[in-house]
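Chemist: Sharing a structure below in structure tokens format, with a few things to ask.
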Ligand code: 6PG
């Protein structure tokens, strides 16, 4: 048998797989392609991959035989049991040090498990986030690999050359241990939900609040795309709003207002609840999709529940549009602040060494949330890798202060109009809570102690003989209850 020529193998010739193969081929790598339905391999070689160096394989054994050692095999198959099934099929043909890479949208606990299982067998596993859709896969995605650390030197060149480049830097770096690559991709998707919801709320305010037509809203987004909001999602929003159906009506106005979701946003919200981190904006973005999904019920409700009479806007329209831009910017700062807080909390718990400047850098290009803004986040974490939150960084601290008055005006006006702004509003509520030295949790604690003897701690400076520092205190609030605290009798 001739010497193996393949630099990397790829399983799964759906649209992402095919495009990623062609991209890697363009970057000078010899890719061996395999698909369960092997006729797809032949079709691909005869059409899209014609004239390239791409090799085909008609069995897992052939795929493995064609790869140079250590073998590197990317799976681009549906997340879930299919990934485990392919790993099982590969194992008999792999040798110590070979690397299996899962490039699907897998849930990170699965990647943690797979890393452990393969490492126990002397193999290496990488769970890699791949973002950017079809276009990204073909011309440069954002790649977020994590897993067996020993795999990184072997895949680094292929991954970094294949990824998008921003200012000559690859949108790919080693994320960290076990499931961290897929974790970071999950948070990316949660942030994607948040960004999309914020844009949708801005559109709603411009349309239903100010009464502006889609074509003009497109122009507003185009202008915003030249400033602090410069990003892929703002750019495509302007393009979508300009796109008319054959009768000249904006096509977007004919799309049923029921949002779908495949679950990665929900995973992020669940992960935030599990970690006890207030990732409120992504949560609201997920719930907004849930509320949109009950269209029929909303239609019935709209007939029987009235909001305020919507008064025409009498203020300075351009000023309000500028305020809206600032509201979007400030809310986005909060969303990313929360996303990075979540990653930090999880990294602490799972003992991952995440490189936050690297994560933001990977998201600057190639992916759905790519933006100029992510360059500023990269800079903030490069300045201080232990940054407590983005709001402590000078650049973002100034930006959010500058945006604050307009942000408040927009939410107040939307509230008077009766236009829902779950993402804008929750961002502001988080901001006001985060900057509050004192929040009313003292009362919550008192209530918990009153009805359930759950105890509380004393506020520094307020200690006295019955309110002792550092103690779990229970008060007999009514004179009827006992003096025994919940924690002491459960102990
Ligand atoms: C990406 C996207 C990609 C996909 C989302 C869509 O980074 O390329 O995030 O992963 O578009 O999964 O998610 P929903 O169907 O849940 O909106």
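Residue numbers (the working numbering): 2 to 492.
Just so it is clear, CB atoms sit at the ideal spot from N, CA and C, and this is done for glycine as well.
Can you tell which of 311, 464, 452 and 223 has its C-alpha closest to the C-alpha of residue 480?
Modeler: Looking up residue 480 in the chain shown gives position 479. Nearest C-alpha to residue 480: 452.
Chemist: Looking only at C-alpha atoms, which of 322, 487, 53 and 73 sits nearest to residue 97?
Modeler: Your numbering for residue 97 matches position 96 in the chain shown. Answer by Cα proximity: 73.
Chemist: Give the straight-line distance between the Cα atoms of residue 460 and residue 485, rounded to the nearest whole angstrom.
Modeler: Numbered from 1 along the chain shown, position 459 holds the residue referred to as residue 460. Numbered from 1 along the chain shown, position 484 holds the residue referred to as residue 485. Between residue 460 and residue 485, the C-alpha separation is close to 21 Å.
Chemist: Do you know how far the Cα of residue 140 is from the Cα of residue 363?
Modeler: Translated into positions along the chain shown, residue 363 becomes position 362. Translated into positions along the chain shown, residue 140 becomes position 139. Distance between the alpha carbons of residue 363 and residue 140 is about 15 Å.
Chemist: When we look at the beta-carbon of residue 210 and count the other beta-carbons within 10 Å, is it buried (16 or more) or exposed?
Modeler: Here residue 210 refers to the residue found at position 209 when the chain shown is read from its first residue. Buried, because 16 or more other Cβ atoms sit within 10 Å of the Cβ of residue 210.
Chemist: Only counting the same chain, and skipping five residues up and downstream in sequence, which positions put a Cβ closer than 8 Å to that of residue 29?
Modeler: The count along the chain shown starts at 1 and reaches residue 29 at position 28. Taken in chain order, the residues that qualify are 162.
Chemist: Considering only residues of the same chain and omitting the five flanking positions on each side of residue 491, which have a CB-CB separation below 6 Å?
Modeler: If you number the chain shown from 1, residue 491 lands on position 490. Note that residue 491 scores a pLDDT of 38, beneath 50, so its modelled location is shaky and nothing firm can be said.
Chemist: Along the beta strand (DSSP E) that carries residue 447, what are the first and last residues, could you check?
Modeler: For the purposes of this step, residue 447 is identified with residue 446 of the chain shown, where counting begins at 1. Premise fails: residue 447 lies in the alpha helix (DSSP H), 442–453, not in any beta strand (DSSP E).
Chemist: Using the C-alpha atoms, what's the distance from residue 470 back to residue 489?
Modeler: Working through the chain shown from its first residue, we reach residue 489 at position 488. Working through the chain shown from its first residue, we reach residue 470 at position 469. Any answer about residue 489 is weak, because its pLDDT of 48 lies below 50 and its placement is not dependable; what the coordinates show is given next. The alpha-carbon atoms of residue 489 and residue 470 are separated by roughly 18 Å.
Chemist: Quick check: is any heavy atom of the ligand 6PG less than 7 Å from the C-beta of residue 136?
Modeler: As a position in the chain shown, residue 136 is number 135, starting the count at 1. Result no, Cβ not under 7 Å from the ligand 6PG.
Chemist: Return helix, strand or coil for residue 492, following the three-state DSSP convention.
Modeler: Mapped onto the chain shown, residue 492 falls at position 491. Confidence is the limiting factor: at residue 492 the pLDDT is only 31, short of 50, which leaves the residue's position unreliable, though a coordinate-based value still follows. If DSSP states are grouped into helix, strand and coil, residue 492 belongs with coil.
Chemist: For residue 287, which of 212, 412 and 270 has the nearest alpha-carbon?
Modeler: Working through the chain shown from its first residue, we reach residue 287 at position 286. Among 212, 412 and 270, the Cα nearest to that of residue 287 is on 270.
Chemist: Any heavy atom of the ligand 6PG closer than 7 Å to the beta-carbon of residue 195?
Modeler: Your numbering for residue 195 matches position 194 in the chain shown. Residue 195 Cβ: outside cutoff for every heavy atom of the ligand 6PG.
Chemist: Going by the CB atoms, is the gap between residue 56 and residue 31 shorter than 8 Å?
Modeler: Sequence index remark: in the chain shown, residue 31 carries index 30 (1-based). Sequence index remark: in the chain shown, residue 56 carries index 55 (1-based). Closer than 8 Å, so yes.
Chemist: Excluding the five sequence neighbours on either side, which residues of its own chain have a C-beta within less than 7 Å of the C-beta of residue 225, listed in chain order?
Modeler: Numbered from 1 along the chain shown, position 224 holds the residue referred to as residue 225. Answer for residue 225: 235 and 326, listed in chain order.
Chemist: Which residue comes first and which comes last in the alpha helix (DSSP H) that contains residue 46?
Modeler: Here residue 46 refers to the residue found at position 45 of the chain shown. Per DSSP, residue 46 belongs to the alpha helix (DSSP H) from 40–47.
Chemist: Tell me the residue span of the alpha helix (DSSP H) that contains residue 129.
Modeler: Translated into the one-based positions of the chain shown, residue 129 becomes position 128. No alpha helix (DSSP H) contains residue 129, which is instead part of the beta strand (DSSP E) from 125–132.
Chemist: If I follow the unbroken alpha helix (DSSP H) through residue 86, where does it start and stop?
Modeler: What you label residue 86 is simply residue 85 of the chain shown in a count that begins at 1. Where residue 86 is concerned, the enclosing alpha helix (DSSP H) stretches over 82–91.
Chemist: With a threshold of 16 other CB atoms inside 10 Å of the CB of residue 16, please say whether the residue is buried or exposed.
Modeler: Counting from one through the chain shown, the residue named residue 16 turns up at place 15. Exposed, because fewer than 16 other Cβ atoms sit within 10 Å of the Cβ of residue 16.
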